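Under my numbering, the residues of the sequence shown are numbered 636 to 1195, in order.
For glycine and all other residues, C-beta sits at the position ideal for the given N, C-alpha and C.
What you are looking at is a predicted structure, and each value in this text was computed from that prediction instead of being measured.
To start, the structure under review is shown below, and the notes come after it.
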Amino acid sequence: MPTDRPLARHGAVTRLTLLTMIMVFLVGVMAARLAAMAQPGSRGFTDPIAEVYRVLSAQYVDAIDTAKLQQGAIAGLVGALDDPYAEYIAPEDAAEFSKQMTGQFSGIGCQIEMRDGWLTVVTPLEDSPAMEAGILSGDRIISVEGKSTFGLTSDECVKMLTGVPGTKVSFVVLRGGKETTYTLARRQITNKSVRGLRRSGAGNGGWEYLLDPARKVAYIRITQFTPTAPEEFGAALADARRSAGGTLGGLVLDLRGNPGGVLDAAERIADAFLDEGVIVSVRGRAMREQVIRSRRGGPATDFPVCVLVDGSSASASEILAGAIQDHNRGVVVGTRTFGKGLVQTVVPLDRQRNGHLKFTTQKYYLPSGRLIQRTDDSAIWGVDPSPGFYVPVSDDELQARFLRRRDFDAITGNGAPPPAQDWGSPDWIAREARDSQLAAALRAAQSRVDTGSWQPVSEAVPADKAIAAAEMRRLERSRELLGLEFARIDKRITALESAAATGEAKPPRVDLWPDDIELDGGRVVIRDRDGNTVATLRITGQDLERWLLQADVEVERNSR
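What follows is the structure in structure tokens.
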């Protein structure tokens, strides 16, 4: 059984430097100077900028902020690239940028939210001061260092709780009507990006990975490709094997909502699933092509895999899903991915004291040679679900799934076993976990274990046509709403112009009803001229007035 080789780096692949890490989607670190600054003619480029600075310094009416002008000039250069992923990271933003890219920060280790105006713990993080101190999911932190958290934003609360490692922070927790003061030392926290099905209930932050114990089908979720994700994935896979008695019947790999991350991490995890062949290739104007290949003996090659994706699966997620699909290692279930096939590099600026530039340097291509980048005129982009495995969800379903998933992810800390849950039943997952896509993935995995082949879980409509139709409907709806909003604005402008011309204090009212009325769930009754009911329509949103303002209707007198 191929479980001995760890998730290794590709030593055979030429790297530009040993410290280079190509990153996808908001990620990348390359210790290098900007080559353009050393090229002939760069002085001719910078001289006009320096002249503008000299003129402003000498003649502007007020004292100028030199640092602000400098950062504005840099941001202007980057903005002129027409690169949606390019940005200048100012020195004061470097720590937050690093936190987003690596999942590391210094604090007490809590996932938090503002609930009813108060700072509330969603869950303590694994191996954190908060978990060790017994902070529980649902605890209300009512003050930090004597300052009430009521009415603050989550960002304001995070700033109070985070800080330099080793420093202490005091806060008051309200639990069950009792207030308790905690004083914890902040330390470096790594927010792990690989997760399981649900918490084990032991109170130690562990995960359960078996989705269907009878068929030994496991579930692993990767939320972001951080530098430590390959090691975390390897540990999760080993834990799942132990729970299954040493052999897995299949794996559901959940990449939904994963925005990407470190390209190297995605390559290493893809290598675990493949015995041979290309994982990804990257090409750029200033860099030679790199082809990343898998090696034999990966630790995840002895079982079928079902990959879950959605429209928020991007970059490194698409590399992993695309490699598995192109090599027929498994099926892809869900909806079309985001479509980001560009590689960004982050370059430290030596003269900016921890400032950085992030910009696109390469494009990546799947093993089939396809570029998945989405453009305005793209009809096909991203990674599509396998034929027969297209499973769309509505926004309401997505929100319900998110709320239920948050419950399963929370560390309760009470040591009690989790309540009875039938994760091996697709019907239970769809009904109780509110996750129709995971239910479909489990059905697919069960059919693969039972019959040796993947049985389709959706209608035999080609995924690309279904996705294109759904995207067209969404865009048409957006266009209609924009048109209605423009028409409404025109009416308001006309009313204001009329008021200005007549000298009236207020423009004529054009709203059909007050804006604070809750319509969702209400009814519209349509009657003919004689008062007979023609139809009764259920209101499913708050946009009804936009449509009626353009229709042949008017408010009857004394109807309000």
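Asked: Look at the Cβ atom of LEU943, then the Cβ atom of GLN1072, and state whether they are nearer than 8 Å.; Found: yes
Asked: Distance, Cα to Cα, VAL696 vs PHE732?; Found: 35 Å
Asked: Just confirm the distance between the C-beta atoms of LEU845 and ALA879, as a whole number of angstroms; I'd bet it's less than 8 Å.; Found: 6 Å
Asked: How far does the beta strand (DSSP E) with LYS993 in it extend, from its first residue to its last?; Found: 990 to 1000
Asked: Whose C-beta lies closer than 7 Å to the C-beta of MET672 among residues of the same chain, with five residues either side of it excluded?; Found: Because MET672 carries a pLDDT of 41, less than 50, the predicted location of this residue cannot be relied on, and the following value inherits that uncertainty. Cβ neighbours of MET672 beyond the five flanking positions: none.
Asked: Look at GLU1067 and GLY1017 and say whether their C-beta atoms are less than 8 Å apart.; Found: no
Asked: ALA875 and VAL968: beta carbons closer than 8 Å?; Found: no
Asked: Please name the residue or residues paired with LYS734 in a DSSP beta bridge.; Found: LYS734 is not bridged to any residue.
Asked: I need the straight-line Cα distance from GLY933 to GLU727, nearest angstrom please.; Found: 42 Å
Asked: In angstroms with no decimal places, state the Cα-to-Cα distance between THR816 and ARG833.; Found: 30 Å
Asked: Give every residue of the same chain whose Cβ lies closer than 8 Å to the Cβ of LEU787, excluding the five residues on either side of it in the sequence, and list them in chain order.; Found: MET749 and LEU754
Asked: Whether or not the region 1006 to 1026 and the region 1075 to 1094 are in contact is what I'm after, with contact meaning three or more pairs of Cβ atoms, one per stretch, closer than 8 Å; do they touch?; Found: yes
Asked: Among ALA905, ASP961 and ARG1041, whose alpha-carbon lies nearest the alpha-carbon of ARG1005?; Found: ASP961
Asked: Between GLU902, GLY974, LEU898 and PHE908, which lies nearest to THR980 when the distance is taken from Cα to Cα?; Found: LEU898
Asked: Would you be able to state if there are at least three C-beta pairs under 8 Å between the region 703 to 714 and the region 759 to 775?; Found: no
Asked: Out of HIS991, ASP1163 and LEU1179, point me to the one whose CA is closest to GLU722's CA.; Found: HIS991
Asked: Check each candidate in ALA1065, ARG971 and PRO1054 and name the one with the smallest Cα separation from ALA1035.; Found: ALA1065
Asked: My parser needs the beta strand (DSSP E) runs of 3 or more residues fully inside the region 947 to 993; what are they?; Found: 965 to 969 and 977 to 984
Asked: Go ahead and pull the three-state DSSP assignment for ILE1007.; Found: coil
Asked: Across the region 773 to 787 and the region 846 to 858, are there enough close Cβ pairs to call them in contact, namely three or more that are closer than 8 Å?; Found: no
Asked: VAL829 and GLU867: beta carbons closer than 8 Å?; Found: yes
Asked: Could you tell me which uninterrupted alpha helix (DSSP H) segments, each at least 4 residues in length, are contained entirely in the region 1059 to 1083, listed from first to last along the chain?; Found: 1061 to 1067
Asked: With H, G and I counted as helix, E and B as strand and the rest as coil, what does DSSP make of SER1013?; Found: coil
Asked: So the beta strand (DSSP E) ARG928 belongs to, where does it begin and stop?; Found: 925 to 928
Asked: At what residue ranges does the region 873 to 910 contain a whole run of the alpha helix (DSSP H), taking only runs of 4 or more?; Found: 898 to 908
Asked: Could you give the uninterrupted runs of the beta strand (DSSP E) lying entirely in the region 744 to 810, keeping only those of 3 residues or more?; Found: 745 to 750, 753 to 759, 775 to 779 and 803 to 810
Asked: Could you tell me if ASN893 is buried or exposed, where buried requires 16 or more neighbouring beta carbons within 10 angstroms of its beta carbon?; Found: buried
Asked: Around the Cβ of GLU902, are there at least 16 other Cβ atoms within 10 angstroms (buried) or fewer (exposed)?; Found: buried
Asked: Could you give the DSSP three-state label for GLN823: helix, strand or coil?; Found: strand
Asked: Report yes if the CB atom of SER594 is closer than 8 Å to the CB atom of GLU767, and no otherwise.; Found: Outside the displayed span of the chain (636 to 1195) sits residue 594, for which this structure offers no information.
Asked: To the nearest angstrom, how far is the alpha carbon of ASP1146 from that of GLU1032?; Found: 32 Å
Asked: Which residues share a DSSP beta bridge with GLU814?; Found: LEU809
Asked: Tell me the rounded alpha-carbon separation between ALA1170 and ARG1164.; Found: 13 Å
Asked: Please name the residue in ALA951, ARG918, THR882 and VAL917 whose C-alpha comes closest to that of ILE904.; Found: ALA951
Asked: Who are the near neighbours of LEU809 in its chain, counting only those whose CB is closer than 6 Å to its CB and skipping five residues on each side?; Found: ARG775 and ILE777
Asked: Less than 8 Å separating the beta-carbons of GLY895 and ALA958?; Found: no
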